Amino acid sequence: MEERNEQPPVRAFGNVTVDPLSVAEPAHDLEIEEILDCDTGEYLDVRTWISSWRYDQVVELRSAIRERLDRSPWFRCSLCSVSVYLASNHYKRFYFKHQREDGSCPAQTRNPLSRDEILARKYHGQRESKPHRDIKALIARSLAADPRYVDVQQERQWRSSHDPSSRRQPDVQATGPMGRLAFEVQLSTTFLDVVVARRAFYRENGGLLVWVMGRFDPEYRRLTTDDLLFNNNSNILIVDEETAALSERTGQFQVHCHFRRPVHKGDTLADEWDSALIPFDTLTCERDRQRCWHYDYEGEAAKLRALIESERAAQEAATADALRSALFAFWIAREPNTRPDAGTLAAWADLRRAFAGHNIELPQAPDDDSSLVALLNGIVSAKEGRPVGWGFRHLVEVGHRIADAYKQHVAAFGHALRHFGTAELVNSQDRSGKWKERRQIMRGSLERGETDYLPDRATLALVGFLMPGVQEKLEKLALKEPA
Ligand SMILES: [Zn+2]
């Protein structure tokens, strides 16, 4: 502040001469840091605003601001709402001064305000701006044009029904087909706290709070607009000259609604902006959530997400199905006990890679692991209803082979017979009753929690992939392993 009163050190006489085309400079120490532009309803940072002009422009602006001071002030202090004008110090640096300096502005008393106090003051200050007054009047005009809305009032208190000391002063209020309504104009600076506090008040008092904007550009949204947008099912209501004229012409309160519409883009959900001119009373009003919207973004987005998810699942199932079939086909075509040729190895490498994508590891070559060969022989034989991979004549012989030499795969083979519907075939081939006998022995052993026939844990994922649903059943057996 001292700077303003000091004489410039470099020149003892006269003034500092500034190049008119240079950038205007704010004074170092500003009393008023932020101002309200009453023409736009925007809050401006004084330093940024001054530096956005050339020196010659600011000198001109000074007069324009002065001239409007008593009529309709251009700028006001953000903390006390007193009109302000632009002054310059000896360095030809600029700053804003209150029109009335009575020392009551928190900026002068230097009493720090709480964040809530600052927000409340700025919120009230904004009501002095021209856009705010204009939109308020347009809402009142629109309501007055529609005979179904009565008690249309501006800036009147709404007292809480159960706590007389609690009250709000909505910009406009009215009673219509959907009950008692409070309209609040939203400019750039309605803070989320204010939005939340107001919503709670009207919910408790049986009213519906409706936020209205004067214009909306989906490509240029402030966070404060998003606070309203996303709390209102992605709908924004606009009242402007066009809608007010339409309301008067039709005798029905009309609003312009901007909303997000979910669209199916590739395999994800994207948004498109849409808008519609609609009668206010056709909006969906939710008093409990204090929402008021035209297009059900949430509902439509949920439906679309479910559709995308089911498409994704179907795609995944088709991919898994194709991979299963490919492995089965490979195993059926494979020539056992011969050294695989290059084509066979390449086909196996492809399968191996694809299974790795499902976190299932297959051996380097199809014959590398005799236990795995036996498992696949068993499953594919059960699927085909005939021995595959072994030179037997009957499927029941496959069962005996596994029970003899690969006890860890007996349970998987048993499930494969049921899974592919070939259990009866094996039973019909069991003339001697030996298979039936063995099955009882194996079941008894597993039920007693003995380890003889416990499934091989390392193969459970592969078994589950080849026979969906079987992995869970085998895991239950594998868990029975005694301590
Ligand atoms: Zn002030």
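With the working numbering applied, the sequence shown closes on residue 478, and no number is skipped along the way.
Quick reminder that beta carbons are idealized off the backbone N, C-alpha and C, glycines included.
Being a predicted model, the structure only gives us computed values, none of them experimental.
With distances taken between CA atoms, V258 lies nearest to E293 out of V77, V145, E293 and V421. For E179, same chain residues with a beta-carbon under 8 Å away, outside a window of 5 residues either side, are P165, D166, T185, R193, L204, V205, W206 and V207 in chain order. With a threshold of 16 other beta carbon atoms within 10 Å, K468 meets it and is buried. Note that the region 368 to 380 does not touch the region 340 to 356; fewer than 3 beta-carbon pairs, one per stretch, sit closer than 8 Å. Where D51 is concerned, the enclosing alpha helix (DSSP H) starts and stops at Y50 to R63. In the DSSP secondary-structure assignment, S155 is not bridged to any residue.
Note: E267 is bridge-paired with R256 in the DSSP secondary-structure output. For K117, the enclosing alpha helix (DSSP H) begins and ends at R110 to Q121.
Three or more Cβ pairs drawn from the region 283 to 293 and the region 228 to 239 lie within less than 8 Å of each other, which places the two stretches in contact. Counting the other Cβ atoms within 10 Å of the Cβ of G209 gives 16 or more, which makes it buried. If you draw a straight line from the Cα of R57 to the Cα of L81, it comes to about 6 Å. With contacts defined by Cβ atoms closer than 8 Å, L455 and E445 do not form a contacting pair. The Cβ-Cβ distance between Q403 and L449 falls below 8 Å.
Here the alpha carbon of L108 sits roughly 18 Å from the alpha carbon of D40. Taking 8 Å as the upper bound for CB-CB distance, L16 and R71 are not in contact here, some 30 Å apart. With a beta-carbon spacing of about 10 Å, Q424 and H395 fall beyond the 8 Å limit used to define contacts. In this structure, ligand 1 has no non-hydrogen atom nearer than 7 Å to the beta-carbon of V190. If you draw a straight line from the Cα of S83 to the Cα of D51, it comes to about 13 Å. Under the DSSP assignment, I231 falls in the beta strand (DSSP E) whose first and last residues are N230 to I233. In the structure shown, the three-state DSSP call for K92 is strand.
A distance criterion of 7 Å places the beta-carbon of C33 beyond contact range of ligand 1, judged by its closest non-hydrogen atom. Contact between L264 and R286 does not hold, since their C-beta atoms are separated by about 21 Å, which reaches or exceeds 8 Å.
In this chain, the beta strand (DSSP E) harbouring F70 covers F70 to C72.
Rounded to whole angstroms, the separation of the alpha carbons of A297 and I130 is 34 Å.
At least one heavy atom of ligand 1 is found less than 7 Å from the C-beta of A102. Within the region 274 to 359, complete alpha helix (DSSP H) segments of at least 4 residues are found at 292 to 328 and 337 to 351, given in chain order.
Residue pairing for A169: DSSP places it in a beta bridge opposite L176. For I27, the CB falls within less than 7 Å of some heavy atom of ligand 1.
Linking R381 to K260 through their CA atoms gives a straight-line distance of about 47 Å. Membership of V147 in the beta strand (DSSP E) is indicated by the continuous run V145 to Q149. Distance from the CA atom of A240 to the CA atom of S137, rounded to whole angstroms, is 8 Å. The Cβ neighbour count for R88, taken over all protein chains shown within 10 Å, is at least 16; the residue is labelled buried. In the structure shown, Q247 falls within a coil segment according to DSSP collapsed to helix, strand and coil. By alpha-carbon distance to C100, the top candidate from F408, G386 and S73 is S73. When only Cα atoms are considered, E28 and E281 end up about 41 Å apart. Counting along the chain, the unbroken alpha helix (DSSP H) around I134 starts and ends at K125 to A139.
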